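For reference, the structure discussed in these notes is given below.
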């Protein structure tokens, strides 16, 4: 039976409810506490009836195993949740998204006790995050002076400067070209040049509201944290599931028509073998960028003409290149054509010569595609090369993921079943494939309908 104690305060009465539930290992009684204060004026009889109801519900929750008197804040429990996910082997990309989301949300709801969070709080949070000007913290910067004279005045080369600043050479190149970079990168550049970051860079604070995709990620993180709290019976229900999630802005996948792919393949003939082989592999496999950059020679089976995709490389600001599993944590074999096998053999021979010339300076990571020192190719290096490649040959803008969309669209248009396409792309399930490539599937279904009509109806008229 719960005990109730009335406490008179300056703003009115409140009630301390105590529920005794068994004894601990030392024989001490285990007590749970809850303080209830009326949220609107009540008569003495109404107040007595209301507190009895609250006490009964609190006692019921304790008897059922709920620890609703837990005093952990959202910030404390979110950190605990991320630690749990880390121990469970969660993908590094997902963990990074969790950490970023937590840093964004802690100033807003980090102080709230998880037991006190209600659906209306989350609705108000979503409204606040959707307002314009919510991005108060600058995240990027752009050089407002020509950095190259400053770099060469102090360093012999951009590579030497990059090493001193703790940055990748390709990032330094982007910075010197006057393009936008992360604010942390700008700070490292300024520090290496012994200058103040605001003297060299224009600090950029975005004015636009957060996108629906970003809001959806925040909501997903909150829901995941509270789902864990619900499992541990710290809260009776997950308020995140009782709130309509922010609308995700669905974009049509960027893919190329076969004629454009043919132009790209023709243009690659005059390019360095390393890049030619890499882009060729993107085109014929539909793999993700990190999967190709993380591919190792030990995973290439020349005899069976296939590659094993079980690794992905990602870049994280302040932490560098991180090698981990694939996005879905699944491994898969992807068959490659004879032309790709021949290119890979040729590329391996050329890479062997580079490795011998590098000697002890070579990083032996067994990567198929490397920088001149054997380190894996930096993601921005690939993006920068693709940009210059497309400009040199008068091609449309190219990003690695567009090859993935192209491969999927071509397979579907050529009648390859969705299960096979999903398996080759490494999707978690076929519903993802059907959702992302609905445009190609609809076109294939239209052609199938026309095919039936041609056979069943139009042949008679001919």
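Numbering (my numbering), first residue to last: 311 to 772. The C-beta atom is built at its ideal place from N, Cα and C for all residues, glycine as well. Small disclaimer: the values here were computed from a predicted structure and weren't measured.
Item: Cβ pair residue 776, residue 314 closer than 9 angstroms; Value: Outside the displayed range of the chain (311 to 772) lies residue 776, so it cannot be described from this structure.
Item: Classification of residue 417 by the beta-carbon crowding that lies within 10 angstroms, buried from 16 upward; Value: exposed
Item: Expected contact under 8 angstroms - CB spacing of residue 425 and residue 380 to nearest Å; Value: 6 angstroms
Item: Stretch-stretch touch, CB-based, cutoff 8 angstroms, three pairs: the region 555-569 with the region 521-540; Value: yes
Item: According to DSSP, residues forming a beta bridge with residue 631; Value: 625
Item: Between the CA atoms of residue 363 and residue 329 - distance to the nearest angstrom; Value: 14 angstroms
Item: Beta-bridge partners of residue 686, as assigned by DSSP; Value: 680
Item: CB of residue 705 within 9 angstroms of CB of residue 577, strictly; Value: yes
Item: Residue nearest to residue 622 in terms of C-alpha spacing, selected from 601, 674, 596, 689; Value: 601
Item: Separation of residue 471 from residue 465, as counted between CA atoms; Value: 6 angstroms
Item: Residue span of the beta strand (DSSP E) that contains residue 327, given as start and end; Value: 322-333
Item: Nearest candidate by alpha-carbon position, reference residue 571, set 561, 593, 579; Value: 593
Item: Presumed contact (8 angstroms Cβ cut-off) between residue 320 and residue 345, rounded CB distance; Value: Not confirmed; about 15 angstroms, so no contact.
Item: Beta-bridge pairing of residue 318 - partner residues as DSSP gives them; Value: 323
Item: Same chain, Cβ closer than 7 angstroms to residue 388, neighbours up to 5 away in sequence not counted; Value: 412, 535
Item: Any non-hydrogen atom of the ligand PLP within 8 angstroms of residue 493 CB; Value: As for the ligand PLP, it is missing from this structure, which has no ligand bound.
Item: Within the region 560-587, ranges of the alpha helix (DSSP H) (whole runs, at least 4 residues); Value: 568-578
Item: Residue 661 versus residue 414: straight-line alpha-carbon distance, rounded; Value: 44 angstroms
Item: Buried or exposed by the 16-neighbour rule on C-beta atoms within 10 Å, applied to residue 710; Value: buried
Item: Start and end residues, alpha helix (DSSP H) containing residue 366; Value: 354-373
Item: Cβ pair count under 8 angstroms reaching 3, the region 505-513 against the region 448-457; Value: yes
Item: With 16 other Cβ atoms within 10 Å as the buried cut-off, status of residue 386; Value: exposed
Item: Neighbourhood of residue 469 by C-beta distance below 6 angstroms, restricted to the same chain and skipping five residues each side; Value: 479
Item: Local Cβ density within 10 Å of residue 421, reported as buried at 16 or more and exposed below that; Value: exposed
Item: Beta-bridge partners of residue 511, as assigned by DSSP; Value: 453
Item: Extent of the continuous beta strand (DSSP E) run through residue 742; Value: Counting along the chain, residue 742 falls outside any beta strand (DSSP E), though it belongs to the alpha helix (DSSP H) covering 740-746.
Item: Own chain, CB closer than 8 angstroms to residue 772, minus 5 neighbours either side, in chain order; Value: A caution first: residue 772 carries a pLDDT of 47, below 50, which makes its placement in the model unreliable, though a value can still be read off. Contacts found: none.
Item: Residue 355 to residue 429 span [Cα, whole Å]; Value: 30 angstroms
Item: Status (buried if at least 16 other CB within 10 Å, exposed otherwise) for residue 597; Value: buried
Item: Buried versus exposed call for residue 318 [16 or more other C-beta atoms within 10 Å across all chains shown]; Value: exposed
Item: Residues sharing a beta bridge with residue 707, DSSP; Value: BP columns for residue 707 are empty, so no partner.
Item: Distance between residue 475 and residue 501 (C-alpha atoms, nearest Å); Value: 8 angstroms
Item: Where residue 520 falls: helix, strand or coil (DSSP); Value: coil
Item: Cβ-based burial, residue 343 [other Cβ within 10 Å; buried from 16]; Value: exposed
Item: Between the CA atoms of residue 397 and residue 450 - distance to the nearest angstrom; Value: 32 angstroms
Item: Buried versus exposed, by CB contacts within 10 Å (16 or more), residue 496; Value: buried
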